[in-house]
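Chemist: Residue numbers (the working numbering), protein chains in the order written: chain A, 1 to 244; chain B, 1001 to 1259.
Note that the Cβ used here is the ideal one computed from N, Cα and C, for glycine as well.
Structure incoming, see below.
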Amino acid sequence: MKSSLINIDKLSLSFGNKRVLKDLDLQVGKGESLVIIGGSGEGKSVLLKCILGLLHQDSGSINFMGAKIIGENKQQFLSQFGMLFQGAALFDSMPVWENISFRYKYSKMFTKTERKDLAKEKLALVGLSENTADLFPAELSGGMQKRVGIARAIASNPKILFFDEPTSGLDPRMAHNINKLLQDIIIKLSATTVTITHDVSSVKALADKVALLESGSIAWQGKTNEFNSTDHPNVSQFKNPSSF
Amino acid sequence: MIIKFLLVTGTFFLSLLRSSGKLVLFCARAVISGVRPPIYYQEIFLQIYKIGYLSLPVVGLTAFFTGGALALQIYDGGSRFNGENVVPSIVAIGMLRELGPVLGGLMVAGRVSSAIAAEIGTMKVTEQIDALSTLAIDPVRYLVFPRITAATVSMPFLVCIGNAIGIMGGYFVGVNRLGFNSTSYILNTFEFLTIQDLTSGLIKAGTFGFVIASMGCFSGFYSSKGAEGVGRAATTAVVSSSILILASNYLLTELLFKS
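Here it is as structure tokens:
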């Protein structure tokens, strides 16, 4: 058993009368690649936002390396996180290179030239040419935006990466390429990753461990080989929706 | 019937109080965020350019035509009691105390408040604000404080320039259309002006700047999802900032000219 990097204990969150997360327990081990699957509206993105401190839970706790992600700790922890948003969430008023190196824009650690070099290095890592650096997000295709989003997420060599629906809105070929790219990056950075998806191909490409989120709590979790072989009805339904 | 009326009225006032409380807390958070470092000076200067400098044409044109129209109106009104000579003084006092800041404020509210709400609203809808947070940047400190500071600082300068252009509009109409002597028009303009006329207008302008940016940021930050939500946020920002400008103008006038 790998040592636990993120520990979620009895997490609950409601929006008005709707209870989105219900006493959710989950652990993510160091170096592990966890993929959380589930249908639309089951609370996957909400869970991710709670881990990142973008939403505050009603009860329960989230610990990162044994400490709570709140208050002064939050900024320190966030510097160790990298996040790819569903729609890439690139800053449309900035060129690609500035998006990638934005974390360091107001830091004295890097000069402008160094930031641009860093961005170009990360662009190469995600398979984009140097010429992309000066383009604006509106000038990029959906797949390129995802790649830039990945480059931004890995710009600070984070300890843990979060991917929210990395293949949504992409054609199957591009989705395959993005999955392959993420696979390579996970290996290259030896990072812990948490991916949220409802794309089974992403599960196969990225997961060490799979968790099924249903009605706000974890309905099933196990290793990838267990995911492939389990006859748990909800997981089976997810794998072969046409047979139900 | 009475119960239904009370229910509707009560719900309306509770919602108004809730929104007001939320707005006050939001503004307090924005101001407090600017006290501690890091302060994004680059963003503040960029916003001064966008909010202040780029609003100059619209404020200048408004002031010029208002000054001209004011001169015509006062001349027509003054002629009823042989008071045509007050035109230069009244144009100057009217512009400095009231029309410069209020009309300038309303024009900037239309141009800037909606733009801020739409920009921040779109950033919220497309998760750019969440992205800022995950990059360890406080969105309020990065987006809200620079806009509020820029608008509060820019508005007095804008109004100052607007006042000068408005007085020039009055001069232009007075001399070319109403037959005033150029030198006496200029002398009469400054004869009755006091420093308080100028400072009161500038205090108002700074307050209106704060209101415009706060309402724009607040509406954008709390806009609901989708294009409709962003559109509604932009409309809310303009309407609410305009109403708040007019209301605060009355309150400030009461405070500043009590005697």
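Which first and last residues belong to the alpha helix (DSSP H) in which E214(A) is found?
Modeler: First-last for E214(A): 209–214, but that is the beta strand (DSSP E), not the alpha helix (DSSP H).
Chemist: Residues of the segment 142–170 of chain A with a CB closer than 7 Å to any CB of chain B: list them in chain order, please.
Modeler: Residues passing the 7 Å Cβ filter: none.
Chemist: Measure the alpha-carbon distance for V1208(B) versus L1099(B) and round it to whole angstroms.
Modeler: Checking the sequence shown, residue 1208(B) turns out to be Phe, not Val. About 13 Å.
Chemist: Scan the segment 92–113 of chain A for residues whose Cβ lies nearer than 8 Å to a Cβ of chain B and list them as they occur along the chain.
Modeler: Listed in sequence order: D92, F102, R103, Y106.
Chemist: Looking at chain B, is there any beta carbon in it that lies within less than 8 Å of the beta carbon of A89(A)?
Modeler: Cβ-Cβ to chain B under 8 Å: yes for A89(A).
Chemist: Among the residues of its own chain, which have a CB less than 6 Å from the CB of V1112(B), if the five just before and after it don't count?
Modeler: Excluding residues within five positions, the ones whose Cβ falls inside 6 Å are I1051, I1212.
Chemist: Using C-beta distances below 6 Å, list every residue in its chain close to K120(A), excluding the 5 sequence neighbours before and after it, in chain order.
Modeler: Taken in chain order, the residues that qualify are E130, A133.
Chemist: Of the residues S61(A), S4(A), I51(A), which one's Cα is nearest the Cα of G82(A)?
Modeler: Per the Cα distances, I51(A).
Chemist: Contact criterion: CB-CB distance below 8 Å. Does G1224(B) meet it with respect to chain A?
Modeler: Correcting the residue type first, residue 1224(B) is Ser in the shown sequence and not Gly. S1224(B) does not count as touching chain A.
Chemist: What are the residues in the segment 1133–1154 of chain B lying within 7 Å of chain A by C-beta distance?
Modeler: From the segment 1133–1154 of chain B, only S1133, T1134, L1135, A1136 have a Cβ closer than 7 Å to chain A.
Chemist: With 8 Å as the threshold, decide whether the Cβ of Q1047(B) is near any Cβ in chain A.
Modeler: False, the Cβ-Cβ gap to chain A never drops below 8 Å.
Chemist: List the residues of chain A that Y1053(B) touches, going by C-beta distances under 8 Å, in chain order.
Modeler: Ordered by position in chain A, no residue passes the 8 Å Cβ test against Y1053(B), which lies about 17 Å from the chain.
Chemist: Quick check: what's the CA-CA separation for M109(A) versus I100(A)?
Modeler: Cα to Cα, M109(A) sits roughly 15 Å from I100(A).
Chemist: Look at I178(A) and L189(A) and say whether their C-beta atoms are less than 8 Å apart.
Modeler: No.
Chemist: Counting only beta-carbon atoms, is M1(A) nearer than 8 Å to chain B?
Modeler: Residue confidence is low: M1(A) scores 48 on pLDDT, short of 50, so the model does not pin down where it sits. No coordinate-derived value is stated.
Chemist: If you run the structure through DSSP and keep just helix, strand and coil, what is N157(A)?
Modeler: N157(A): coil per DSSP, three-state reduction.
Chemist: Express the C-alpha separation of Q27(A) and L90(A) in angstroms, rounding to a whole number.
Modeler: Their Cα atoms are separated by approximately 30 Å.
Chemist: Give the residues of chain B in contact with F15(A), contact being defined as C-beta atoms less than 8 Å apart.
Modeler: By Cβ distance, chain B contributes nothing, its closest Cβ being about 13 Å from F15(A), past 8 Å.
Chemist: By the three-class DSSP mapping on this structure, what secondary structure does R1177(B) have?
Modeler: Three-state result, R1177(B): coil.
Chemist: F238(A) and I8(A): beta carbons closer than 8 Å?
Modeler: The answer is no: Cβ separation not under 8 Å.
Chemist: Using 8 Å as the threshold, is the C-beta distance between S79(A) and S12(A) below it?
Modeler: Their beta carbons are not under 8 Å apart, which means S79(A) does not touch S12(A) by this criterion.
Chemist: Skipping 5 residues on each side, what residues in its chain have a beta carbon closer than 8 Å to that of G1060(B)?
Modeler: For G1060(B), where only same-chain residues beyond five positions count, the Cβ hits under 8 Å are I1161, G1162, I1165.
Chemist: For chain A, is any of its Cβ atoms less than 8 Å away from the one on Q1128(B)?
Modeler: It does; some Cβ of chain A falls within 8 Å.
Chemist: Using a Cβ cut-off of 8 Å, pull out every chain B residue sitting near L54(A), in sequence order please.
Modeler: Neighbours of L54(A) on chain B, chain order: D1130, S1133, T1134.
Chemist: With 8 Å as the threshold, decide whether the Cβ of M83(A) is near any Cβ in chain B.
Modeler: Judged by the 8 Å Cβ criterion, M83(A) is in contact with chain B.
Chemist: Please give me, in chain order, every unbroken run of the alpha helix (DSSP H) with length at least 4 that falls completely inside the segment 1041–1107 of chain B.
Modeler: Fully enclosed alpha helix (DSSP H) runs of 4 or longer: 1041–1047, 1056–1078, 1087–1094.
Chemist: Using a beta-carbon distance below 8 Å, is Q57(A) in contact with chain B?
Modeler: With 8 Å as the cut-off, Q57(A) does not count as an interface residue toward chain B.
Chemist: Got a sec? Which residues, its chain only, sit under 7 Å from S217(A) by beta carbon, not counting five neighbours each side?
Modeler: Only K22, D23, L24 meet the Cβ criterion.
Chemist: Among residues of its own chain, excluding the 5 on either side of I150(A), which ones have a beta-carbon nearer than 6 Å to its beta-carbon?
Modeler: Once the five neighbours on either side are set aside, the close Cβ partners of I150(A) are L84, V126.
Chemist: Could one say the Cβ of R1037(B) lies closer than 8 Å to chain A's Cβ atoms, at least one of them?
Modeler: Note that residue 1037(B) corresponds to Pro in the displayed sequence, not to Arg. No, P1037(B) lies away from the interface with chain A (no Cβ there is under 8 Å from its Cβ).
Chemist: Got a sec? Which residues, its chain only, sit under 8 Å from A124(A) by beta carbon, not counting five neighbours each side?
Modeler: Correct list, in chain order: E130.
Chemist: So the alpha helix (DSSP H) I1039(B) belongs to, where does it begin and stop?
Modeler: Per DSSP, I1039(B) belongs to no alpha helix (DSSP H) and is neither H nor E.
Chemist: Can you tell me where the beta strand (DSSP E) holding D9(A) begins and where it ends?
Modeler: Here the beta strand (DSSP E) through D9(A) covers 4–15.
Chemist: How big is the Cα-Cα spacing for A205(A) and S45(A)?
Modeler: Each residue's Cα considered, the two are about 20 Å apart.
Chemist: Would I154(A) be called buried (16 or more neighbouring beta carbons within 10 Å of its own) or exposed?
Modeler: Label assigned to I154(A): buried.
Chemist: Could you give the distance in angstroms between the alpha-carbon of F102(A) and the alpha-carbon of Q145(A)?
Modeler: Using only the alpha carbons, I get a separation of about 15 Å.
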